[in-house]
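Numbering (my numbering), first residue to last: 873 to 1431.
A virtual CB, placed ideally from N, CA and C, is assigned to each residue, including glycine.
As the structure is a prediction and not an experimental result, all values here were calculated from the model.
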Amino acid sequence: MGEALHGIGVSSGVAAGPVYRVAAPPRLPERVAVPADRVDVEIERGAMALAAVVADLNRRAGAADRPAVVEILRAQAMMADDPVLRDSVTELIRAGADAAHAIDRAFAAHREAFAAAGGYLAERVADLDDLRDRAVAFYLGQPMPGIPAPGRPFVLAARDLAPADTAVLDPTTVLALVTEEGGPTAHTAIVARTLGIPAVVRCPGVLRVAEGTTVAVDGGAGTLWVDPSQADLDALMARDAERQERLSRSAGPGRTADGHPVALLANIGSASDLSGPAGDAAEGVGLFRTELLYLDRATPPAVDEEVATYSAVFAAAAGRRIVVRTLDAGADKPVPYLNHDVEPNPALGVRGIRLGWRQPDLLQAQLAAISTAASRTAAEVWVMAPMIATAAEAARFRDYCREAGLVKAGVMVEIPAAALRAESILSEVDFISIGTNDLSQYTFAADRQCGALADLLDPWQPALLELVAACAEAGKAAGKPVGVCGEAAADPALAVVLVGLGITSLSMAPRAIPAVREAVAAHALPDSQRLAAAVRGAADAIEARALARRHGAFHDPAR
Ligand code: PEP
Ligand code: MG
């Protein structure tokens, strides 16, 4: 079936179409002298390049249907439409620069001013760089950098995607996503899963495939076929249609084959993530990431706004459990007006609950808003804190929750120290939820955003599973729930292992639930336990996967 390229499948599903790359930013050419009689033409060309960027962004905003995307694109268009920028390009050309260098220098001056202003504006310098690259590319007659717009649905290939690119990914035109770098827990994978786009990361060779070539992508198996025959394509699509059909019929609460309940919950960032059949199928919400409310603004939200947002989310979850995570600002989720300090290692710095300890008013205001919204809802509201390291921190968080009138208080286990002391932590709180994304990062000392370290960040790493097992055993001894809400829970075969380790709930992007439900239901508990014991003894993630395959855990035929 044509040449096959292999990577790590991070978002299931099959898609085929022409492949297009995220264009690289243009290289600034040698400076050219503009003859005096061409200066006005050059000024015109500089202005046209800026205008083309504005028009392109506005066109994309007009075509986008997600309000958050429209907002991002319109804000970028406004930045490029700044008359001060246009005037300085004109002045620089009059002073002897060609338009490409004038654009570059005008943006550089803007960049400096933004960076010096700090806070929200400093956050926008990456947008300025992107706008400069676009304007220069237009001037040079090169493709605009960033997500291509070939005018037909396509498979997107990239080295990795910038957060700004992932924010504007449109699932109606991007059929699948394949990156040469990136890792299973980085933002690209999380966004692809949330949008339901088949995705493969760490796929060497994908950037060598000629643009426009038809490729088929299996986001479960982690395979990309170059130029498959029509017969192969038909067979692959038929298999996937069968799988989709089977999964669409899958319903009801999570259970093992012998009837042990395993709650299948949703990871969400807003009420809209719970809408539609995928959200309806969730037994509840295992992780409500509240950061969205704090991003893209200059000050924390007012209490009324927080209460209104939480009330809307709780209404969407009515009748079900919803676990709200308090603000996890910092590191991969920077909130510049809160994370003021320049830290050499933000992931090891004042992030998550550590910010709450330093700004207790902020934490207390959030808990009060959650409590007010909880008192007005039929949802069962639980609260948990991110980045808890010790039992003393867990106890302190519980006390804050109780003071706010919140009855179910838990913590995330994302730091190895917390996993090793799960028993004492559980003696302080009502439940724990394991954040395997950060737990991998801290266990392997591997930045979760670093694609080059994806092997270490693989959630099948036996050392990570050892810590999960320690938590599950502590939960069993205490008779308290222990869930997993990191990306590991969305991998159907790994979900079987987690159940075997004693995990009581799995929380994931809503679209991942049917495949996980099916995998969990295919194994009786003793069977999952046997698999879990074998996987714990594996030498590495590759052997762990191989054991699971032999055990029949990869029973999804598309994988
Ligand atoms: C995690 O770390 O696994 C987790 C669920 O939290 P986040 O990905 O939001 O850091
Ligand atoms: Mg985390």
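Query: Is Asp1330 close to the ligand PEP? I mean its beta-carbon at under 6 Å from any heavy atom of the ligand.; Result: no
Query: Expressed to the nearest angstrom, what Euclidean distance is found between the alpha-carbon atoms of Met950 and Arg1422?; Result: 56 Å
Query: Ignore the nearest five residues each way along the sequence and tell me which others in Arg1431's own chain have a CB closer than 6 Å to its CB.; Result: Interpretation of Arg1431 is limited by its pLDDT of 39, a score under 50 that renders its predicted location unreliable; no figure is taken from the coordinates.
Query: Determine the direct distance from the alpha carbon of Val1072 to that of Pro1331, and round the result to whole angstroms.; Result: 15 Å
Query: Report the partner residues of Met1380 according to the DSSP bridge assignment.; Result: Ala1138
Query: Residues in the same chain with beta-carbon distance under 7 Å from Glu1345, minus the five sequence neighbours each way, listed in chain order, please.; Result: Gly1374
Query: Does the segment 1393-1408 come close enough to the segment 1175-1184 that 3 or more CB-CB pairs lie under 8 Å?; Result: no
Query: Based on Cα-Cα distance, which residue from Ile1287, Arg1270, Ala1190 lies nearest to Thr1249?; Result: Ala1190
Query: Report the partner residues of Leu1159 according to the DSSP bridge assignment.; Result: Asn1139
Query: Leaving out five residues on either side along the sequence, give the residues of the same chain with a beta carbon under 7 Å from the beta carbon of Pro1429.; Result: Only weak support exists for where Pro1429 lies, its pLDDT of 39 falling under 50; the value from the coordinates is given anyway. Cβ neighbours of Pro1429 beyond the five flanking positions: Arg1111, Arg1115.
Query: Let me make sure I understand the geometry here. Which of Glu914, Thr1051, Ala1123 has the alpha-carbon closest to that of Val904?; Result: Glu914
Query: Based on the DSSP output, what are the partners of Trp1254 in its beta bridges?; Result: Val1195, Lys1280
Query: Is the CB-CB distance between Leu1165 and Pro1173 below 7 Å?; Result: yes
Query: At a Cβ threshold of 7 Å, is Trp1097 touching chain C?; Result: Here chain C cannot be found, since the structure has a single protein chain.
Query: Could you give the uninterrupted runs of the alpha helix (DSSP H) lying entirely in the segment 1077-1124, keeping only those of 4 residues or more?; Result: 1102-1121
Query: Could you tell me which residues DSSP puts in a beta bridge with Ser1144?; Result: For Ser1144, which the question treats as bridged, DSSP gives no partner whatsoever.
Query: Between the segment 1152-1166 and the segment 1218-1233, are three or more C-beta pairs nearer than 8 Å?; Result: no
Query: Out of curiosity, what's the CA-to-CA distance linking Val1301 and Gly1409?; Result: 31 Å
Query: Spell out the partners DSSP gives Ile875 in its beta bridges.; Result: A small correction: the amino acid at residue 875 is Glu; Ile does not occupy that position in the sequence shown. Bridge partners of Glu875: Val1098.
Query: Which partner residues does Val1029 have in the DSSP bridge list?; Result: What sits at residue 1029 in the sequence shown is Ala, not Val. Ala1029 pairs with Arg893, Val1050.
Query: Kindly indicate which three-state DSSP category Arg1127 falls into: helix, strand or coil?; Result: strand
Query: My understanding is that Val1308 touches Pro1288, with C-beta atoms under 8 Å, so please give their C-beta distance in whole angstroms.; Result: The sequence given here places Thr at residue 1308; Val does not occur at that position. No, Thr1308 and Pro1288 are not in contact; Cβ-Cβ is about 12 Å, not under 8 Å.
Query: Mapping the DSSP letters down to three states, classify Lys1352 as helix, strand or coil.; Result: coil
Query: With respect to the alpha helix (DSSP H) encompassing Arg1304, which residues constitute its N-terminal and C-terminal limits?; Result: What sits at residue 1304 in the sequence shown is Ile, not Arg. Run containing Ile1304: none in the alpha helix (DSSP H); it sits in the beta strand (DSSP E), 1303-1306.
Query: Which of the three DSSP states, helix, strand or coil, is assigned to Ala933?; Result: helix
Query: What does the alpha-carbon distance come out to for the pair Glu1359 and Ala1021?; Result: 30 Å
Query: Starting from Ala1241 and walking both ways along the alpha helix (DSSP H), at which residues does that stretch end?; Result: 1232-1247
Query: Who does Val1072 pair with in a DSSP beta bridge?; Result: Gly881, Val1050
Query: Does the beta-carbon of Asp1432 have 16 or more other beta-carbons within 10 angstroms, so that it is buried, or is it exposed?; Result: The question about residue 1432 has no answer, for the chain in this structure spans 873 to 1431.
Query: How about Gly1134 and Ile1194: are their beta carbons less than 7 Å apart?; Result: Here residue 1134 turns out to be Val, not Gly, going by the sequence shown. Not a contact, by the Cβ cut-off of 7 Å.
Query: Would the beta-carbon of Ala1281 fall within 7 Å of that of Val1255?; Result: yes
Query: Let me know if Ile1414 comes out buried or exposed under the rule of 16 or more other beta-carbons within 10 Å of its beta-carbon.; Result: exposed
Query: Rounded to whole angstroms, what is the Cα-Cα separation between Ile1342 and Ala1294?; Result: The sequence given here places Ala at residue 1342; Ile does not occur at that position. Computed Cα separation, rounded: 7 Å.
Query: If distances are taken between C-alpha atoms only, which option among Ala947, Gly918, Pro1208 comes closest to Leu929?; Result: Ala947
Query: Any heavy atom of the ligand PEP within a distance shorter than 6 Å of the CB on Thr1262?; Result: no
Query: Looking at the unbroken alpha helix (DSSP H) that takes in Glu1359, where does it start and where does it end?; Result: Where Glu1359 is concerned, there is no enclosing alpha helix (DSSP H), given that its DSSP letter is neither H nor E.
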